[in-house]
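In the numbering used here, the protein residues as written are 2 to 338. By construction, the Cβ of each residue, glycine as well, lies at the ideal position given by its N, Cα and C atoms. Here the structure is a predicted model, which means the values were calculated and not measured. First the structure, in the form of structure tokens, and then the observations on it.
What follows is the structure, encoded as structure tokens:
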């Protein structure tokens, strides 16, 4: 079985991002193929002596083939854009060094990046709605970036950082951990497990409280709705009783011309056609004749108008007669003197 078949996959691809991560993956890949030595040291196979054996010839050919194989692996691991920047390099070591200079920078640049990561680690605080696992995951991510620069970072620093920066709700649990555990031997995984258990218990109690409050609110809303519906039913009944006290009015019936029912419900609907003795029209009787009612109403209005006119004319006449009487009396009285 060849080394390539053993690995099962090609080299890790580098596209210009996360260089430190790619370096670790690529170095492991080259070591698995027994090619890292020629990349790191740029070694060449020792020259053959006089009259070499078959084994020596075979070993020489294998050693000499390592550089081209390592070069092929590096070319395959680079994106097209990055490959164009290193394609002039003739050895694997040249490619490796060129990539390190471009993406890792000088030692001074590395120190600045390392200092930035350390500052980020020290300033990072757990947010109020953040879980323990989420917070620990962010801290571990920062620590792993620091380790990529070759800086050692023991778990005790992470444990200390977490115990200092956790919110006040974890104070009882932190005190219990400090009293019962040796913090110098406590791992990050153990601390996360203990804090997560406490977090779960607190969340369960909060859920029970919220559920109780929700049920109480639903009960209150249900009772309020019942009272509201009861009041609505009472109001509806009252309105119904009021409506029963009033007679409904409809458009004039097309059969009998009454307004207390609809044409479809008319009592005369299926009766023989009758003729009004007043207007000589079919479908109603004289007592229900609208034309007669209108005529009668008009006559009453005319009579009322005439009566009012007579009264208005009679008043001036009476006033005139009274005035003449007073005048005559006055004249007669004066004649006696």
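Between the region 104-121 and the region 129-140 there are fewer than three inter-stretch CB-CB distances shorter than 8 Å, so the stretches are not counted as touching. Here residue 78 is buried: its Cβ has 16 or more other Cβ atoms, across all protein chains shown, within 10 Å.
In this structure, the straight-line span from the alpha carbon of residue 22 to that of residue 28 is close to 10 Å. Sequence-distant partners of residue 185 (beyond 5 residues in either direction) whose C-beta falls short of 8 Å from its own C-beta, in its chain, are 157. When DSSP states are grouped into helix, strand and coil, residue 279 belongs to the coil group. Per DSSP, residue 251 lies in no alpha helix (DSSP H) segment and is marked neither H nor E. In this structure, the beta-carbon distance from residue 163 to residue 140 falls below 9 Å. A straight-line Cα-Cα distance of about 28 Å links residue 115 and residue 93. Judged by their CB atoms, residue 58 and residue 49 are nearer to each other than the 9 Å cut-off. Residue 61 and residue 52 have their C-alpha atoms some 13 Å from each other. In the structure shown, residue 15 adopts extended strand secondary structure according to DSSP, grouped into three states.
Among the bridge pairs identified by DSSP, residue 79 is matched with 15.
Counting along the chain, the unbroken alpha helix (DSSP H) around residue 121 starts and ends at 108-124.
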